[in-house]
Amino acid sequence: METNKEIELAKDLINFIEESPTAFHAVSEAKKLLEANGFKELKEEEQWVIKENSKYFTIKNNSAMIAFEIGNGKIRKKGFKIVGAHTDTPCFRIKPNAEIIKENSYLKLNTEVYGGPILNTWFDRTLSLAGRVILKGENIMEPKISFINIKRPLMVIPNLAIHMNREVNKGIEINPQNDTLPLLTMVNEELEKENVLLRLIAHELKVDYKEILDFDIFLYEYEKGSIIGLQNEFISSSRLDDLEAVHAGLKALLESGVNEGVNVLALFDNEEIGSATKQGADSNLLSNTLERIVYSLGGNRAEFFRALANSFMISADGAHAVHPNNVDKSDPTSRPIINKGPALKVSANQKYTSDSYSSSILIQICEKAEIPMQKFVNRSDERGGSTIGPISSTHLNLNAVDIGIPMLAMHSIREMVGVKDHYYMYNLLKEFYSL
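Sequential numbering from 28 applies to the sequence shown in this note's numbering.
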């Protein structure tokens, strides 16, 4: 049976995910937590004045964030302790000119797949809309930014009845242009047929729809996550990949306290589509930020490189648990089980950044914190995914590992992890920050 502390942390995670339907909202929620705990925001375009024993964060594109605590030791000797995670999740993005009317009756929204979701899990689910809206401002180069989250059941992607699709249970290919468009409303005399989506957004923001210049709007599952299982041992929710690690990293950073080095939490966007954006891990966002920290503390480029040599990064993203109905899909000997501890992720082809040296450091951290640890490798005949660890390593010359808590149904609209594992991850990252 899970303890009260484990259950409370799981409930806090579920609440965090509910308020974070998009990467923009995840960063906004993180900002609230950080500011409530004494962190100060640094603007990218401004000069940074930072001090020892102080806490800061900076935001990129409203969807990525780097938070850090400055310790009281020499940065060139103590370096950076970095935890990396990502704020985005596989889903559907609303296209421009999105309204599609069928049979003069059904009004659908045109969508584009973002990342690699399991498409059929989005059918017959209650969906809503959230994202970023850009409005006209006084300065052309600085338009206004608003976030939107329509917190009500709004749409559904209806399945085709089995009577019209007799082979559906044998497996049917889903065409993302034809089959995954959500039904928003019915056309009638009361509906203003022009700019339906813009009018909906404008109504929520209480602005004239003509003030809207553009938007980044996504579908999300409206139903809140749950703690489930006979012994309350599982967390079932959307967006566990990777908001579970985002939440664990935030809680660990807030509760670890300032020490001699610099504790860093790097929350990147766009991991699900390759990270090759200005706010993704395959950019200079993190390296530039770390370098600015060194310079702001009176150091130089040589001291920055010395600090990197004494630094370590944990890339935290979900790992695949052994599936109870498909046990042969897992590696024969490295088989992570839910609630048996975080999994160290290893790949001969460096799809994960762990090597024997960096892995040994993580093993000792887990031993020190009395946290069980598992190992994950892909089957040799299956191509696995990658994450921000090896991508970040191409920009930063430092030791790093990839870890993640075991997960079922990764990239489904509804994923599942263990209550104990989330608590283990939080304590592991807290121990790391406290070294």
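C-beta atoms are modelled at their ideal positions from N, C-alpha and C, and glycine is treated no differently.
Going by the beta-carbon positions, is the gap between residue i and residue j smaller than 8 angstroms?
i, j, result
"residue 414", "residue 344", "yes"
"residue 34", "residue 259", "yes"
"residue 265", "residue 238", "no"
"residue 107", "residue 288", "yes"
"residue 71", "residue 87", "yes"
"residue 207", "residue 146", "yes"
"residue 380", "residue 416", "yes"
"residue 112", "residue 54", "no"
"residue 47", "residue 270", "yes"
"residue 418", "residue 302", "yes"
"residue 456", "residue 275", "yes"
"residue 373", "residue 109", "no"
"residue 403", "residue 363", "yes"
"residue 41", "residue 178", "no"
"residue 281", "residue 64", "yes"
Which value, in whole angstroms, describes the spacing of the CA atoms of residue i and residue j?
i, j, result
"residue 135", "residue 443", "30 angstroms"
"residue 209", "residue 196", "22 angstroms"
"residue 437", "residue 326", "43 angstroms"
"residue 366", "residue 332", "39 angstroms"
"residue 75", "residue 150", "48 angstroms"
"residue 423", "residue 44", "30 angstroms"
"residue 296", "residue 312", "11 angstroms"
"residue 412", "residue 371", "14 angstroms"
"residue 405", "residue 347", "9 angstroms"
"residue 319", "residue 211", "47 angstroms"
"residue 166", "residue 231", "24 angstroms"
"residue 388", "residue 377", "18 angstroms"
"residue 399", "residue 393", "7 angstroms"
"residue 315", "residue 293", "12 angstroms"
"residue 190", "residue 152", "20 angstroms"
"residue 175", "residue 382", "42 angstroms"
"residue 94", "residue 279", "12 angstroms"
"residue 450", "residue 143", "27 angstroms"
"residue 461", "residue 286", "7 angstroms"
"residue 272", "residue 244", "24 angstroms"
Near residue i, which residues of its chain fall below 6 angstroms by C-beta distance, leaving aside the five closest residues on each side in sequence?
i, result
"residue 79", "97 and 99"
"residue 432", "369, 444, 448 and 452"
"residue 426", "339 and 385"
"residue 353", "none"
"residue 357", "349"
What does residue i pair with, by DSSP beta-bridge criteria?
i, result
"residue 291", "95 and 109"
"residue 445", "261"
"residue 154", "182 and 248"
"residue 176", "157"
"residue 340", "109 and 427"
"residue 243", "159"
Using C-beta distances below 8 angstroms, list every residue in its chain close to residue i, excluding the 5 sequence neighbours before and after it, in chain order.
i, result
"residue 172", "89, 159, 160, 161 and 162"
"residue 421", "309"
"residue 154", "180, 181, 182, 183, 184, 209, 246, 247, 248 and 249"
"residue 77", "69, 83, 97, 320, 323 and 324"
"residue 132", "213 and 214"
"residue 257", "none"
"residue 390", "371 and 400"
"residue 306", "87, 88, 90, 91, 295, 296, 297 and 312"
"residue 38", "254"
"residue 235", "229"
"residue 329", "none"
Consult DSSP for residue i and reduce its assignment to one of helix, strand or coil.
i, result
"residue 35", "helix"
"residue 420", "helix"
"residue 379", "coil"
"residue 303", "coil"
"residue 188", "coil"
"residue 51", "helix"
"residue 367", "coil"
"residue 350", "strand"
"residue 74", "coil"
"residue 138", "strand"
"residue 213", "strand"
"residue 30", "coil"
"residue 431", "strand"
"residue 321", "helix"
"residue 161", "strand"
"residue 171", "strand"
"residue 391", "helix"
"residue 280", "helix"
"residue 85", "strand"
"residue 452", "helix"
"residue 147", "helix"
Who are the near neighbours of residue i in its chain, counting only those whose CB is closer than 7 angstroms to its CB and skipping five residues on each side?
i, result
"residue 334", "102, 103, 106, 107 and 321"
"residue 148", "439, 440 and 441"
"residue 408", "none"
"residue 81", "97"
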